[in-house]
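Trainee: Structure in structure tokens, see below.
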Amino acid sequence: MHHLVIDRWSRGSSSLHQRDPRAKLAALLVFLIVLSTTRPAAQWAFAAYAIMLIIAVHSARLPILGLAGRAALVLPFSATFALLTWWSGDTLRALALAEKSFLSGMAALLLVATTPLTGWTAALESWRAPRMLILVIQFVYRYLFVIAEQAQRMRWAAVCRGSHKTGGFRLATGLVGVLFARSWQRADGIYHAMLARGFRGRFVPAAPAPFRAADALFFSACLAGCLAVRILL
Amino acid sequence: MSKAIQIRGLRYRYPDGTQALNGIDFHLDAGESVALFGANGSGKTTFVMHLNGLLRGEGSIEVCSMPLSDETLEQIRSKVGVVFQDSDEQLFMPTVLEDVAFGPLNLGLSPDDALTRARTVLKRVGMAHALERAPYHLSAGEKKRVAIAGVLAMDPEILVLDEPTTFLDPPTRRDLLTLLRSLPQAKVVVTHDANLARALTTRAVFFDQGRIAGEGDVIELIQRFHWEYS
Amino acid sequence: MSKAIQIRGLRYRYPDGTQALNGIDFHLDAGESVALFGANGSGKTTFVMHLNGLLRGEGSIEVCSMPLSDETLEQIRSKVGVVFQDSDEQLFMPTVLEDVAFGPLNLGLSPDDALTRARTVLKRVGMAHALERAPYHLSAGEKKRVAIAGVLAMDPEILVLDEPTTFLDPPTRRDLLTLLRSLPQAKVVVTHDANLARALTTRAVFFDQGRIAGEGDVIELIQRFHWEYS
Amino acid sequence: MHIPDGFLSTPVWATLDVVSAPAVAWVARRAQRDTQDHRIPLLGVMGAFVFAAQMVNFPVGPGTSGHLVGGALLTVVLGPAAASLVLTAILVLQALIFQDGGVLALGANVFNMALAGVAAAYLSYRLWGQASRSGAIFAAGALSVMTSACLALGQLLISGVPMTGGVFWASLGLFVVSALMEGAITVGAVRAIERLNPAWVAGPQPASSRTVAGVALAALLLVVLGTLIASVAPDGIQRLTGQGVDSTSWPQRTMGGLAGIAMIFALCYLGGKLKSRRRSA
Ligand SMILES: Nc1ncnc2c1ncn2[C@@H]1O[C@H](COP(=O)(O)OP(=O)(O)OP(=O)(O)O)[C@@H](O)[C@H]1O
Ligand SMILES: Nc1ncnc2c1ncn2[C@@H]1O[C@H](COP(=O)(O)OP(=O)(O)OP(=O)(O)O)[C@@H](O)[C@H]1O
Ligand SMILES: [Mg+2]
Ligand SMILES: [Mg+2]
Numbered sequence: 003m004h005h006l007v008i009d010r011w012s013r014g015s016s017s018l019h020q021r022d023p024r025a026k027l028a029a030l031l032v033f034l035i036v037l038s039t040t041r042p043a044a045q046w047a048f049a050a051y052a053i054m055l056i057i058a059v060h061s062a063r064l065p066i067l068g069l070a071g072r073a074a075l076v077l078p079f080s081a082t083f084a085l086l087t088w089w090s091g092d093t094l095r096a097l098a099l100a101e102k103s104f105l106s107g108m109a110a111l112l113l114v115a116t117t118p119l120t121g122w123t124a125a126l127e128s129w130r131a132p133r134m135l136i137l138v139i140q141f142v143y144r145y146l147f148v149i150a151e152q153a154q155r156m157r158w159a160a161v162c163r164g165s166h167k168t169g170g171f172r173l174a175t176g177l178v179g180v181l182f183a184r185s186w187q188r189a190d191g192i193y194h195a196m197l198a199r200g201f202r203g204r205f206v207p208a209a210p211a212p213f214r215a216a217d218a219l220f221f222s223a224c225l226a227g228c229l230a231v232r233i234l235l
Numbered sequence: 642m643s644k645a646i647q648i649r650g651l652r653y654r655y656p657d658g659t660q661a662l663n664g665i666d667f668h669l670d671a672g673e674s675v676a677l678f679g680a681n682g683s684g685k686t687t688f689v690m691h692l693n694g695l696l697r698g699e700g701s702i703e704v705c706s707m708p709l710s711d712e713t714l715e716q717i718r719s720k721v722g723v724v725f726q727d728s729d730e731q732l733f734m735p736t737v738l739e740d741v742a743f744g745p746l747n748l749g750l751s752p753d754d755a756l757t758r759a760r761t762v763l764k765r766v767g768m769a770h771a772l773e774r775a776p777y778h779l780s781a782g783e784k785k786r787v788a789i790a791g792v793l794a795m796d797p798e799i800l801v802l803d804e805p806t807t808f809l810d811p812p813t814r815r816d817l818l819t820l821l822r823s824l825p826q827a828k829v830v831v832t833h834d835a836n837l838a839r840a841l842t843t844r845a846v847f848f849d850q851g852r853i854a855g856e857g858d859v860i861e862l863i864q865r866f867h868w869e870y871s
Numbered sequence: 642m643s644k645a646i647q648i649r650g651l652r653y654r655y656p657d658g659t660q661a662l663n664g665i666d667f668h669l670d671a672g673e674s675v676a677l678f679g680a681n682g683s684g685k686t687t688f689v690m691h692l693n694g695l696l697r698g699e700g701s702i703e704v705c706s707m708p709l710s711d712e713t714l715e716q717i718r719s720k721v722g723v724v725f726q727d728s729d730e731q732l733f734m735p736t737v738l739e740d741v742a743f744g745p746l747n748l749g750l751s752p753d754d755a756l757t758r759a760r761t762v763l764k765r766v767g768m769a770h771a772l773e774r775a776p777y778h779l780s781a782g783e784k785k786r787v788a789i790a791g792v793l794a795m796d797p798e799i800l801v802l803d804e805p806t807t808f809l810d811p812p813t814r815r816d817l818l819t820l821l822r823s824l825p826q827a828k829v830v831v832t833h834d835a836n837l838a839r840a841l842t843t844r845a846v847f848f849d850q851g852r853i854a855g856e857g858d859v860i861e862l863i864q865r866f867h868w869e870y871s
Numbered sequence: 009m010h011i012p013d014g015f016l017s018t019p020v021w022a023t024l025d026v027v028s029a030p031a032v033a034w035v036a037r038r039a040q041r042d043t044q045d046h047r048i049p050l051l052g053v054m055g056a057f058v059f060a061a062q063m064v065n066f067p068v069g070p071g072t073s074g075h076l077v078g079g080a081l082l083t084v085v086l087g088p089a090a091a092s093l094v095l096t097a098i099l100v101l102q103a104l105i106f107q108d109g110g111v112l113a114l115g116a117n118v119f120n121m122a123l124a125g126v127a128a129a130y131l132s133y134r135l136w137g138q139a140s141r142s143g144a145i146f147a148a149g150a151l152s153v154m155t156s157a158c159l160a161l162g163q164l165l166i167s168g169v170p171m172t173g174g175v176f177w178a179s180l181g182l183f184v185v186s187a188l189m190e191g192a193i194t195v196g197a198v199r200a201i202e203r204l205n206p207a208w209v210a211g212p213q214p215a216s217s218r219t220v221a222g223v224a225l226a227a228l229l230l231v232v233l234g235t236l237i238a239s240v241a242p243d244g245i246q247r248l249t250g251q252g253v254d255s256t257s258w259p260q261r262t263m264g265g266l267a268g269i270a271m272i273f274a275l276c277y278l279g280g281k282l283k284s285r286r287r288s289a
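Chains as they are written, first to last, in this note's numbering: chain E, 3 to 235; chain A, 642 to 871; chain B, 642 to 871; chain L, 9 to 289.
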């Protein structure tokens with residue numbers, strides 16, 4: 003389970019882990035925007051972005067290969083299009099396409115690998131993302147593993163009884179139907195549990211942590227670095 | 642002695658037509674512990690859901706001498722803490738600390754007070770080391786402890802436990818038992834486990850098809866209904 | 642005596658890096674019954690998932706003298722029947738009869754033969770009255786019986802049961818016990834319940850953090866690891 | 009199709025982010041308004057369910073299999089606002105944690121799948137639901153996937169991602185196949201769910217507003233078509249014949265394409281308004 007590893011990473015204690023999620027999220031956006039607007043010809047700039055990311059990964063004490071491997075999940079998609087672009091004769095653009103998608107993926111991963119889900123959702127919320135959306139994100143994430151595991155075991159049960167032979171459309175719809183029913187019941191149970199603990203239709207938020215000078219410094223450094231690379235290279 | 646719970650003639654029918662409760666009379670004295678026995682599908686879980694008004698059937702329910710109604714619902718929910726069978730349903734917040742603080746926050750405590758209370762309770766159930774962890778990474782036994790902590794944080798007068806020991810290995814079970822015994826609250830324990838019932842409670846009630854088929858001393862009731870299987 | 646299962650040096654690491662099995666040696670004689678004990682998270686379920694190749698770790702696995710490989714997988718799956726911990730995960734077809742007939746159909750029986758076999762097996766587990774019901778609406782004990790019927794309909798030589806008695810009331814448990822005892826198959830029973838183990842098996846294996854920490858007579862092993870809690 | 013970062017040109021992703029953000033806020037308010045609070049956990053668990061259901065393989069025809077995408081299923085079960093919200097939540101998690109779709113491209117992906125895709129599903133279900141439920145659900149599944157995929161393709165083209173004619177038509181063909189699969193799978197799944205408990209699936213709304221639904225659906229589909237045409241038209245012939253792209257003119261092309269879409273949408277919107285006003289008058 004991919005997200006379990008990320009979850010474990012996000013509970014680290016490096017200085018990057020300790021930065022305020024808002025600062026990290028803002029830095030991510032700056033990085034992505036700068037990256038996205040870099041011209042394909044500025045190949046040195048891409049190298050510089052990669053170095054910036056490597057430094058950040060190193061300071062977060064995360065395994066660079068593990069992160070890169072996960073970010074490479076985008077490569078099949080971008081490689082296809084890079085190939086198409088290369089075909090049409092634009093080698094630089096093809097290269098830039100692959101680099102941009104990979105580096106962007108890596109940067110996004112770095113955020114979630116140094117910030118627990120509660121952190122970045124709180125940051126989104128402080129930026130006025132709809133509360134309802136934040137709650138749904140948290141619930142989806144919370145039950146992802148539970149329900150995926152249920153689905154997995156149901157598939158196993160079918161495999162045990164030779165589903166590859168006649169495991170047709172009907173089997174699959176049956177599985178999805180039962181999975182749905184169980185999910186629905188679970189949701190009912192959760193709602194009951196919330197009521198039992200005094201829920202009155204509104205989540206009471208816990209207090210946010212203060213934004214410190216170090217966080218502002220971190221963001222400024224990221225901003226300056228990105229802009230310098232973008233303008234100079 | 643004052644009654645913690647007093648129920649008369651409780652009936653409940655699920656929307657699909659299943660008559661799950663069919664006239665239940667029940668009482669619980671303050672500080673007393675009672676076991677609920679009964680076959681699968683006899684209505685124990687349905688009954689338990691009525692104790693804090695999660696389900697609303699016909700009949701009269703009084704908790705701590707307050708009749709259960711829309712006005713008293715909130716107060717009663719803070720007096721009766723239910724620990725569900727499935728901890729995954731009970732632990733819905735992203736971290737252990739937030740989860741346990743959820744109840745106190747809803748009770749109107751300030752965020753600081755709520756967190757303090759959550760910490761105290763988590764220490765009490767032996768989970769103070771896992772404050773920032775996500776509930777889905779915990780083991781079954783740890784989840785159950787956190788679920789109990791979430792309920793204790795509401796400072797209830799009555800604890801209701803629906804099959805608290807399923808999936809737990811014997812040492813974890815023993816620890817849980819020790820914990821439950823150390824809690825002063827009145828308890829309603831739903832269980833299929835005669836050992837657990839004997840260890841925790843003195844009186845028992847036996848459910849059969851939505852009715853109460855027997856009531857009395859735990860040991861005597863277990864014998865009467867052959868409710869042990871070894 | 643010929644070996645039903647022979648496993649050497651089995652290791653398994655989940656994709657997220659959890660080393661769940663760490664060198665397991667295990668054997669099961671034909672017709673023998675073995676209990677698997679161990680704390681929550683010690684790797685019992687993971688181990689059981691290897692017995693019919695649902696998970697594939699390192700090490701050698703032989704079932705009925707066939708090494709487990711891609712070629713023998715299908716044959717081995719029809720020889721080893723696994724009853725999961727949670728019946729809801731095991732019952733995926735819309736009616737009881739269809740669910741139980743699912744396996745025989747896949748074994749290549751004609752629809753008529755498959756239905757006949759499903760009916761026979763359902764009668765054997767005492768569920769002949771519920772052929773057309775949706776498994777989803779059955780009680781816990783009934784679900785477990787149907788799950789077992791689904792596995793028995795595949796006519797396996799080895800039965801693997803992962804905590805078969807959770808959520809069952811004592812009479813249902815006793816019935817299940819009688820049923821399981823009457824089945825001639827070799828059995829591997831994962832359980833936290835010392836009584837169940839004593840009643841069903843003679844030999845036991847104790848798991849600890851993905852290794853086997855002890856092995857021997859059931860009663861002796863239960864005592865050695867204090868694996869009982871009353 | 010989840011678009012990663014690096015593919016869309018700046019005006020395209022920026023515009024779609026600017027469009028999607030308030031749209032999601034509006035959807036969230038709607039979902040909150042017509043939702044009893046027991047649905048807060050329900051929406052989350054349904055999101056997790058869609059994730060899990062996507063792991064189930066549906067054999068469709070000889071040798072091919074597909075999986076549920078789920079937009080139409082959620083729309084039929086939860087209603088459009090809640091379905092949009094759940095899909096948005098899923099897209100956010102996919103972008104950040106599963107590297108499926110970009111962060112800057114989130115606006116585009118949300119627009120394609122959570123907004124336009126759900127709208128297509130909802131409008132089809134509403135338009136044809138009274139005539140034939142299965143047909144309507146099939147159309148909802150197929151059109152939602154087709155809408156999302158064509159929009160994504162159009163956005164890529166407008167952004168100047170080069171594509172030969174062969175690839176373009178092959179992608180369209182692939183979209184049609186996956187749209188038909190999604191339709192079939194959605195019908196199967198909804199039937200299975202209804203069999204377990206009919207109350208879980210809401211019937212389509214009464215037919216009183218069918219005209220509006222029809223006009224709106226037509227408008228939506230026109231926008232999709234318009235996006236595709238706008239993306240191919242200016243120098244599309246050139247691109248379709250596989251010649252290189254003049255990379256200096258992409259901002260103009262992009263703006264032209266977006267303006268075209270906006271105009272088509274405005275026309276349809278006005279048409280719909282006029283029509284419904286005439287009806288109510
Ligand atoms: N949501 C529901 N809708 C309809 N019927 C239900 C529902 N939940 C339970 N029932 C039915 O109500 C009856 C009582 O169920 P309940 O869950 O209270 O039994 P129980 O005593 O807790 O059983 P167990 O020991 O298996 O937990 C059963 O017949 C059951 O099938
Ligand atoms: N899908 C999974 N991905 C990652 N780790 C897993 C997964 N399933 C189980 N584990 C981990 O593998 C280890 C063994 O788990 P397993 O389920 O085999 O234990 P068990 O002995 O069956 O426990 P229990 O008595 O609670 O059922 C545990 O540490 C568990 O957290
Ligand atoms: Mg129950
Ligand atoms: Mg297990």
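Here a beta-carbon is modelled for each residue, glycine too, at the ideal position from N, C-alpha and C.
Please read all numbers here as calculations on a predicted model, not as lab measurements.
1. In angstroms, rounded to a whole number, what distance separates the CA positions of residue 822 of chain A and residue 841 of chain A?
2. Is there a Cβ of chain B sitting closer than 8 Å to that of residue 177 of chain E, yes or no?
3. For residue 803 of chain B, verify whether its CB is less than 7 Å away from any heavy atom of ligand 4.
4. What does residue 735 of chain B touch in chain L if you count any residue whose Cβ is under 9 Å from its own?
5. Hey, is residue 686 of chain B close to ligand 3, as in C-beta under 7 Å from one of its heavy atoms?
6. When every heavy atom of ligand 2 is checked, does at least one fall within less than 7 Å of the C-beta of residue 659 of chain B?
7. Give the straight-line distance between the Cα atoms of residue 205 of chain E and residue 744 of chain A, rounded to the nearest whole angstrom.
8. Using a Cβ cut-off of 9 Å, which residues of the stretch 766-796 of chain A contact any Cβ in chain E, in chain order?
9. Work out the CA separation of residue 96 of chain E and residue 253 of chain L for me, nearest whole Å.
10. Give every residue of the same chain whose Cβ lies closer than 7 Å to the Cβ of residue 221 of chain E, excluding the five residues on either side of it in the sequence, and list them in chain order.
11. Count the CB pairs spanning the stretch 668-676 of chain A and the stretch 823-833 of chain A that are closer than 8 Å, and state whether there are at least three.
12. Using only the heavy atoms of ligand 4, determine whether one of them is closer than 7 Å to the beta carbon of residue 726 of chain B.
13. Which residue comes first and which comes last in the alpha helix (DSSP H) that contains residue 68 of chain L?
14. Looking only at C-alpha atoms, which of A/837, A/845, A/855, A/868 sits nearest to residue 669 of chain A?
15. Check whether the Cβ of residue 681 of chain A lies closer than 8 Å to any Cβ atom in chain B.
16. Between residue 713 of chain A and chain B, is the shortest Cβ-Cβ distance under 8 Å, so that the two count as touching?
17. In terms of residues, what are the limits of the beta strand (DSSP E) holding residue 666 of chain A?
18. From residue 836 of chain A to residue 795 of chain A, what distance separates their C-alpha atoms?
19. So does the stretch 853-863 of chain B actually touch the stretch 138-149 of chain L, counting three or more Cβ pairs closer than 8 Å?
20. Can you list, in chain order, the residues of its chain with a C-beta nearer than 6 Å to that of residue 255 of chain L? Leave out the 5 residues immediately preceding and following it.
21. For a quick check, are the C-beta atoms of residue 648 of chain B and residue 702 of chain B less than 8 Å apart?
22. Is the Cβ of residue 826 of chain A closer than 8 Å to any Cβ of chain E?
23. Please identify the residue among B/804, B/741, B/833 whose C-alpha is closest to the C-alpha of residue 762 of chain B.
24. With a threshold of 8 Å between beta carbons, is residue 26 of chain E in contact with chain L?
25. In terms of alpha-carbon separation, which member of A/759, A/780, A/785 lies closest to residue 723 of chain A?
26. Closer than 7 Å: is that where the CB of residue 679 of chain A sits relative to any heavy atom of ligand 1?
Mentor: In short, the structure shows the following:
1. Residue 822 of chain A and residue 841 of chain A: Cα-Cα distance of roughly 7 Å.
2. yes
3. yes
4. 200, 203, 204
5. no
6. yes
7. 10 Å
8. 773, 774, 775, 776, 777, 778, 788, 791, 792, 794, 795
9. Note that residue 253 of chain L scores 43 on pLDDT, short of 50, meaning its location in the model is unreliable; the coordinates nonetheless yield the value given after this. The alpha-carbon atoms of residue 253 of chain L and residue 96 of chain E are separated by roughly 13 Å.
10. 25, 28, 29
11. yes
12. The answer is yes for residue 726 of chain B.
13. No alpha helix (DSSP H) holds residue 68 of chain L; DSSP gives it neither H nor E.
14. A/845
15. Output row for residue 681 of chain A: interface = yes.
16. no
17. 660-670
18. 28 Å
19. no
20. Residue confidence is low: residue 255 of chain L scores 43 on pLDDT, short of 50, so the model does not pin down where it sits. Its coordinate-derived value is still stated next. If we look at residue 255 of chain L and ignore the five residues flanking it on each side, it has no Cβ neighbours.
21. yes
22. no
23. B/741
24. For residue 26 of chain E, the answer is no, since every Cβ of chain L falls outside 8 Å of its Cβ.
25. A/785
26. yes
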